[in-house]
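Structure, as structure tokens:
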Amino acid sequence: MLVPVLALAGCSGPDTAAAESTAAAFEAALARGDGAAVCALLTPQAAAALTEQEGTDCVQAIGSLALAAGTGEPRAEAFGQGAIVELDGDTVFLAASGDGWRVRAAGCAPTGEDTPFDCRIDGS
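Numbering (this note's numbering), first residue to last: 620 to 743.
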């Protein structure tokens with residue numbers, strides 16, 4: 620799925636360090652193969668899109684995607700209610716929620732086209 624970057628504009632939200640921390644926790648859960656922890660960090664829309672796309676529950680869907688975890692130091696930019704966190708091998712899009720940041724898109728790679736990212740998990 621393609622993720623438009625312009626959807627990140629909005630009001631103020633949690634800080635960049637918290638976005639980096641959430642993305643790092645997401646990638647660590649992927650690396651451990653902990654689908655339940657991965658799913659707990661997704662926005663409800665991302666979890667719903669994933670289960671619809673894969674035709675199974677979130678935990679099994681994460682396993683069937685076989686996403687490689689991003690590595691390296693997270694580099695984040697926050698834009699109001701959205702954030703982008705870049706790692707080696709993954710770009711993660713986050714949305715502010717009542718309890719911090721949640722992952723709305725992951726497994727994203729740049730496309731070089733009008734829509735700049737293609738994401739394996741996309742709750743846009």
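Where is the CB? At the ideal position from N, CA and C, for every residue including glycine.
| Check | Outcome |
| --- | --- |
| Beta bridge counterpart(s) of residue 709 as assigned by DSSP | 706 |
| Reduced DSSP secondary structure (H/G/I, E/B, other) of residue 687 | coil |
| Contacting residues, own chain, Cβ-Cβ under 6 Å from residue 696 (five flanking each side not counted) | 703 |
| In DSSP terms, what residue 661 is bridged to | 722 |
| Nearest-angstrom Cα separation, counted from residue 726 out to residue 639 | 16 Å |
| 7 Å Cβ shell around residue 668 - same chain, five flanking residues per side excluded | 741 and 742 |
| Separation of residue 690 from residue 679, as counted between CA atoms | 23 Å |
| Beta carbon of residue 637 nearer than 7 Å to that of residue 719 | yes |
| Beta-carbon gap between residue 657 and residue 681 smaller than 7 Å | yes |
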